[in-house]
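First to last, the protein sequences are chains A and B. Residue numbering for the first sequence follows the working numbering, beginning at 1 and increasing consecutively. Residue numbering for the second sequence follows the working numbering, beginning at 1 and increasing consecutively.
Protein chains: 2
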Amino acid sequence: MTGTRPTGDELVEVLAALSNPLRLRIVATLAGGRDYVSNLARVIGVSRPLLHMHLQRLEAAGLVVGSLELSDDGKAMKYFEVADFDFTLTPAALAAAVPTLTTPDPHRGPAREERS
Amino acid sequence: MTGTRPTGDELVEVLAALSNPLRLRIVATLAGGRDYVSNLARVIGVSRPLLHMHLQRLEAAGLVVGSLELSDDGKAMKYFEVADFDFTLTPAALAAAVPTLTTPDPHRGPAREERS
DNA sequence: TTCACGTGTAAGAATTCTCTTACACGTGTC
DNA sequence: GACACGTGTAAGAGAATTCTTACACGTGAA
Numbered sequence: 001m002t003g004t005r006p007t008g009d010e011l012v013e014v015l016a017a018l019s020n021p022l023r024l025r026i027v028a029t030l031a032g033g034r035d036y037v038s039n040l041a042r043v044i045g046v047s048r049p050l051l052h053m054h055l056q057r058l059e060a061a062g063l064v065v066g067s068l069e070l071s072d073d074g075k076a077m078k079y080f081e082v083a084d085f086d087f088t089l090t091p092a093a094l095a096a097a098v099p100t101l102t103t104p105d106p107h108r109g110p111a112r113e114e115r116s
Numbered sequence: 001m002t003g004t005r006p007t008g009d010e011l012v013e014v015l016a017a018l019s020n021p022l023r024l025r026i027v028a029t030l031a032g033g034r035d036y037v038s039n040l041a042r043v044i045g046v047s048r049p050l051l052h053m054h055l056q057r058l059e060a061a062g063l064v065v066g067s068l069e070l071s072d073d074g075k076a077m078k079y080f081e082v083a084d085f086d087f088t089l090t091p092a093a094l095a096a097a098v099p100t101l102t103t104p105d106p107h108r109g110p111a112r113e114e115r116s
């Protein structure tokens with residue numbers, strides 16, 4: 001995964017996933033070792049449902065990986081760990097990714113000239 | 001600016017600024033050469049007020065630089081160009097930035113344990 | 001004066017994001 | 001059975017983003 005040239009859409013998803021303080025904190029914490037959801041929520045100091053949502057976002061972007069495991073006492077634990085991603089953000093790198101953006105049409109129409 | 005270790009807050013602002021398809025397109029376009037607002041709006045195909053807003057966001061994040069200049073025929077033109085930024089996104093880099101995040105208190109309180 | 005072209009900004013709607021609260025299910029232990 | 005601890009998800013409020021439309025001002029040319 002390291003050194004991969006992301007498509008425009010992938011890049012936007014990754015950047016959006018990392019542009020949140022809490023998610024940044026989640027990744028940073030997981031960088032120190034894998035952990036399961038409930039415990040991670042306690043460590044970071046966030047409610048479990050909230051953490052659950054953010055982990056989904058991070059996993060969708062491919063920044064963390066989760067795996068459901070069974071503990072010795074039969075409990076279903078969901079462990080998460082960071083993926084070893086490596087993205088470079090430079091004007092040139094962005095320019096290379098932009099051509100592969102799938103029309104992010106503003107809202108309705110693709111803009112017309114102002115002042116008819 | 002290249003190779004600088006950003007603070008957590010700076011990093012969040014930069015990532016938020018780049019996590020939008022249109023802003024990514026703006027940076028990519030400016031990477032091909034400086035331009036003034038009205039023309040850039042035509043080139044990209046977006047309304048000028050909208051472009052103006054996005055440029056503000058990019059400039060606030062330090063990704064583009066604007067300068068008001070007077071053209072030969074006396075018009076005030078605002079030219080923008082990309083800053084030569086270079087950010088590295090790896091688990092380790094993020095972990096290094098996170099400690100400098102200024103309390104991004106969720107919403108109201110700092111979360112309490114669930115299930116009283 | 002009027003038109004073309006540059007600048008900036010404010011008001012409002014539609015959408016998305018963030019977060020809390022509440023519910024559901026399963027398993028091992030007291 | 002009741003409790004502790006793990007999982008997942010849905011409903012709703014509040015705030016932030018994104019975008020359009022409309023207005024303001026200034027200068028040179030017809």
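Ideal Cβ positions, reconstructed from N, Cα and C, are used throughout, including at glycine.
Have a look at the DSSP bridge pairing and note the partners of residue i.
i, result
"B:K75", "Beta-bridge pairing links B:K75 to no other residue."
"B:E81", "B:V65"
"B:T88", "A:T88"
"B:L70", "B:A76"
Give the residues of chain A in contact with residue i, contact being defined as C-beta atoms less than 8 angstroms apart.
i, result
"B:D35", "Within chain A, no residue comes near B:D35; the closest Cβ sits about 14 angstroms away, beyond 8 angstroms."
"B:T100", "Simply none; closest approach about 11 angstroms."
I want to verify the contact list: residues of chain B whose CB lies under 8 angstroms from the CB of residue i, in sequence order.
i, result
"A:G8", "P21, L24"
"A:V82", "P91"
So which residues of chain A does residue i contact, with C-beta pairs closer than 7 angstroms?
i, result
"B:A92", "A31"
Going along chain A in order, which residues have a C-beta closer than 9 angstroms to the C-beta of residue i?
i, result
"B:T88", "D86, F87, T88, L89"
"B:A76", "The premise fails here: B:A76 is roughly 18 angstroms from chain A at the closest Cβ pair, so nothing lies under 9 angstroms."
Pull out every residue of the segment 13-30 of chain A whose Cβ sits closer than 9 angstroms to any Cβ of chain B, in chain order. If you check each beta-carbon in the segment 13-30 of chain A against every beta-carbon of chain B, the ones closer than 9 angstroms belong to E13, V14, L15, A16, A17, L18, S19, N20, P21, L22, L24, R25, V27, A28, T29, L30.
Those runs of the alpha helix (DSSP H) which lie wholly inside the segment 32-68 of chain B and span at least 4 residues: For the segment 32-68 of chain B, whole alpha helix (DSSP H) runs of length 4 or above, ordered along the chain, are 37-44, 48-60.
Spell out a yes or no on whether the segment 3-18 of chain A and the segment 18-31 of chain B are touching, meaning 3 or more CB-CB pairs, one atom from each, closer than 8 angstroms. At 8 angstroms Cβ cutoff, the stretches touch.
With three or more beta-carbon pairs closer than 8 angstroms as the criterion, would you say the segment 81-91 of chain B touches the segment 25-39 of chain B? Result yes; three or more Cβ-Cβ pairs closer than 8 angstroms.
Short-range partners of chain A found in the segment 42-62 of chain B, where Cβ spacing is below 9 angstroms: With the criterion set as a beta carbon lying under 9 angstroms from some beta carbon of chain A, the members of the segment 42-62 of chain B are R42, I44, G45, V46, S47, R48, P49, L50, in sequence order.
Spell out a yes or no on whether the segment 94-102 of chain A and the segment 89-102 of chain B are touching, meaning 3 or more CB-CB pairs, one atom from each, closer than 8 angstroms. At 8 angstroms Cβ cutoff, the stretches do not touch.
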